[in-house]
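Here my numbering runs 5 ahead of the position in the sequence shown, where the first position is 1.
Cβ atoms here follow ideal geometry from the backbone N, Cα and C, with glycine treated the same way.
In this text the structure is predicted, and so the values were computed from the model without any measurement.
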Amino acid sequence: AAGTGTVATGAAAAAGATASRPPLRVGMVGYAFMGAAHSQGWRTAGRVFDLPLAPELAAICGRDADAVRAAADRHGWAAAETDWRALITRDDVDLVDICTPGDSHAEIALAALAAGKHVLCEKPLANTVAEAEAMTRAAERALARGQIAMAGFNYRRVPATALARRMVAEGRLGRLRHVRVAYLQDWLVDPEAPLTWRLRREQAGSGALGDLGAHIVDLAQYLTGEHLAGVSALTETFVRERPLTGGAARGLSAVSADGTTGRVTVDDAAVFTGRFPSGALATFEATRYATGRKNALRIELNGERGSLAFDLERLNELSYHDATEPDSHNGFRRILVTEPDHPYLDGWWPPGHGLGYEHTFVHQARDLVHAVAAGRSPEPSFADGLQVQRVLAAVEESAGKNAVYTPITAVP
Ligand code: SOE
Numbered sequence: 006a007a008g009t010g011t012v013a014t015g016a017a018a019a020a021g022a023t024a025s026r027p028p029l030r031v032g033m034v035g036y037a038f039m040g041a042a043h044s045q046g047w048r049t050a051g052r053v054f055d056l057p058l059a060p061e062l063a064a065i066c067g068r069d070a071d072a073v074r075a076a077a078d079r080h081g082w083a084a085a086e087t088d089w090r091a092l093i094t095r096d097d098v099d100l101v102d103i104c105t106p107g108d109s110h111a112e113i114a115l116a117a118l119a120a121g122k123h124v125l126c127e128k129p130l131a132n133t134v135a136e137a138e139a140m141t142r143a144a145e146r147a148l149a150r151g152q153i154a155m156a157g158f159n160y161r162r163v164p165a166t167a168l169a170r171r172m173v174a175e176g177r178l179g180r181l182r183h184v185r186v187a188y189l190q191d192w193l194v195d196p197e198a199p200l201t202w203r204l205r206r207e208q209a210g211s212g213a214l215g216d217l218g219a220h221i222v223d224l225a226q227y228l229t230g231e232h233l234a235g236v237s238a239l240t241e242t243f244v245r246e247r248p249l250t251g252g253a254a255r256g257l258s259a260v261s262a263d264g265t266t267g268r269v270t271v272d273d274a275a276v277f278t279g280r281f282p283s284g285a286l287a288t289f290e291a292t293r294y295a296t297g298r299k300n301a302l303r304i305e306l307n308g309e310r311g312s313l314a315f316d317l318e319r320l321n322e323l324s325y326h327d328a329t330e331p332d333s334h335n336g337f338r339r340i341l342v343t344e345p346d347h348p349y350l351d352g353w354w355p356p357g358h359g360l361g362y363e364h365t366f367v368h369q370a371r372d373l374v375h376a377v378a379a380g381r382s383p384e385p386s387f388a389d390g391l392q393v394q395r396v397l398a399a400v401e402e403s404a405g406k407n408a409v410y411t412p413i414t415a416v417p
């Protein structure tokens, strides 16, 4: 159960606030991996980019008082809370950033919007389509009051993926025929890896599908500018029982007869095909069992006029083939995406010096600050998150029928 009250910390709050810019005071729920990544984004965005508002790290929230205080000190938050309801009603918080497991996204987001706050919510937007629909409706009502709600799909903010989107929109690939996407990790290969919340349906919603598949569905739709019309899917859970060891598994699991293992209730991998309204065919693969692949998010787009390829493990590069050039001396060329006129690169280092994973969260914070200042709906909006949720649900429905083609209802 959540505790109560504010925990004092000695940390400084400001992350680039100046007298000339009004602040955007952030309150964040969650302080683990995503909490650390988002903290980095909020701390840095106002120092690298000229923003209309100065992000301030006002308060961070988590249930364990000692751990959240330590996280506040480490990441530079001014205060710490142990109850998210106290956080979202604080007068010194303008925006609530939700970095918790999916089972609490809807409740926190709805309450924060009702309390008059802007909201950023990590992907996947929710654990069910119904929750995502309620969040989207609330976000649309809140937008009319000037409140902004954004879904956190950070891989749109790799300069190379943003450049790919620009090139597709410019027509450099012509009519698209193939969209090939995979998100490959290997941290579950060991059958003795513990049963954490990510392997429990009631907390995570789904497994590799919602965690990794959500990213590649969003990216495929972002890059093409189209929504998938339907999917045909298979999912699998390769290891069905895992040890309940360590704090991560505490109290989360249906304990088996000998009390030392619990049941995995999500997919370990999802493989699906899809169709875009333009006629392009797509293939998707999301797995935590691709031995040797740590965080390989790979995309290839093939169009009539050319192709683009990207791999997150080489994130400063984009491969481009221009099929309009003569074959004799043609081939894929490597674009080093570090030029000042490439997306997001205006604030960073000289050409060739490169960015990494953490910078995507800085760019996310930058874009959200601009949306808040302008009072306009950000990209991706909650409606975009709902669209991805519908695709995930269609994948599960199709997989349940052994790859029967499942159409996706359009978001009205
Ligand atoms: C899973 O391992 C994970 O941490 C995802 O939850 C993130 O969304 C992804 O960006 C990196 O991998």
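- The beta carbons of His-347 and Leu-168 sit about 6 Å from each other, so the pair counts as a contact at 8 Å.
- In the three-state reduction of the DSSP assignment, Arg-171 falls in the helix class.
- One Cα belongs to Ala-404, the other to Leu-239, and the distance between them is close to 5 Å.
- By the neighbour-count criterion, in which a residue is buried when 16 or more other Cβ atoms sit within 10 angstroms of its Cβ, Trp-89 is buried.
- Following the DSSP letters along the chain, one finds Gly-212 in no beta strand (DSSP E), marked with neither H nor E.
- If the five residues before and after Gly-380 are omitted, its C-beta is found closer than 7 Å to the C-beta atoms of Gly-151, all from its own chain and listed in chain order.
- Assignment of beta-bridge partners to Val-101 by DSSP yields Gly-32, Val-124.
- Assignment of Val-276 by DSSP, reduced to helix, strand and coil, places it in the strand class.
- Comparing C-alpha distances from Asp-327 to each of Arg-338, Arg-205, Arg-30 shows the shortest one belongs to Arg-338.
- Judged by DSSP in its simplified three-state form, Val-222 adopts helix.
- Taking non-hydrogen atoms of the ligand SOE into account, the C-beta of Leu-313 is found less than 8 Å away from none of them.
- DSSP links Phe-315 through a beta bridge to Ile-304.
- For Ile-113, there is no enclosing beta strand (DSSP E); the enclosing alpha helix (DSSP H) covers residues 110 to 119.
- Cβ neighbours of Leu-214 within its own chain (closer than 8 Å, five residues either side excluded): Thr-240, Val-271, Asp-272, Ala-275, Ala-291, Leu-397, Val-400, Glu-401.
- With fewer than three CB-CB distances shorter than 8 Å, the segment 135 to 152 does not count as touching the segment 51 to 69.
- In terms of Cβ geometry, Leu-178 and Gly-308 form a close pair [threshold 9 Å].
- Relative to the Cα of Thr-133, the nearest Cα in the group Asp-191, Ser-386, Leu-341, Gln-208 belongs to Gln-208.
- Per DSSP, Thr-270 is not a residue of any beta strand (DSSP E), being assigned neither H nor E.
- Residue environment analysis places Thr-266 among the buried positions, since at least 16 neighbouring C-beta atoms fall within 10 angstroms of its C-beta.
- Of the heavy atoms belonging to the ligand SOE, at least one sits nearer than 8 Å to the Cβ of Gln-190.
- Put simply, of Trp-353, Pro-356, Gly-311, Gly-51 the residue whose alpha carbon is nearest the alpha carbon of Asn-335 is Gly-311.
- For Ala-156, the enclosing beta strand (DSSP E) stretches over residues 154 to 157.
- Following the DSSP letters along the chain, one finds Phe-337 in no alpha helix (DSSP H), marked with neither H nor E.
- Arg-74 and Ala-85 do touch by the CB rule: their CB atoms are close to 5 Å apart, below 8 Å.
- Between the ligand SOE and the CB of Lys-406, the shortest heavy atom gap is not smaller than 8 Å.
- At least 9 Å separates the beta-carbon of Met-33 from that of Ala-83.
- Taking Ala-147 as the centre and dropping the five residues before and after it, the same chain places the C-beta of Leu-118, Ala-154 closer than 7 Å to its C-beta, in chain order.
- The segment 180 to 193 and the segment 107 to 115 do not touch, with fewer than three beta-carbon pairs separated by less than 8 Å.
- For Leu-189, the closest of Ile-103, Asp-102, Ala-301 by C-alpha to C-alpha distance is Ala-301.
- For His-375, the uninterrupted alpha helix (DSSP H) segment begins and ends at 364 to 379.
- In this structure, Gly-46 and Phe-366 form a Cβ contact; the two beta carbons are roughly 3 Å apart against a cut-off of 8 Å.
- In this structure, the alpha-carbon of His-80 lies about 14 Å from that of Cys-104.
- Exclusion of Phe-289 from the 8 Å shell around the ligand SOE follows from its C-beta lying no nearer than that to any non-hydrogen atom of the ligand.
- At least one heavy atom of the ligand SOE lies closer than 8 Å to the C-beta of Tyr-160.
- With respect to the 9 Å criterion, Glu-197 and Arg-247 are classified as neighbours on the basis of their beta carbons.
- When the beta-carbon positions are compared, Thr-166 and Leu-224 come within less than 9 Å of each other.
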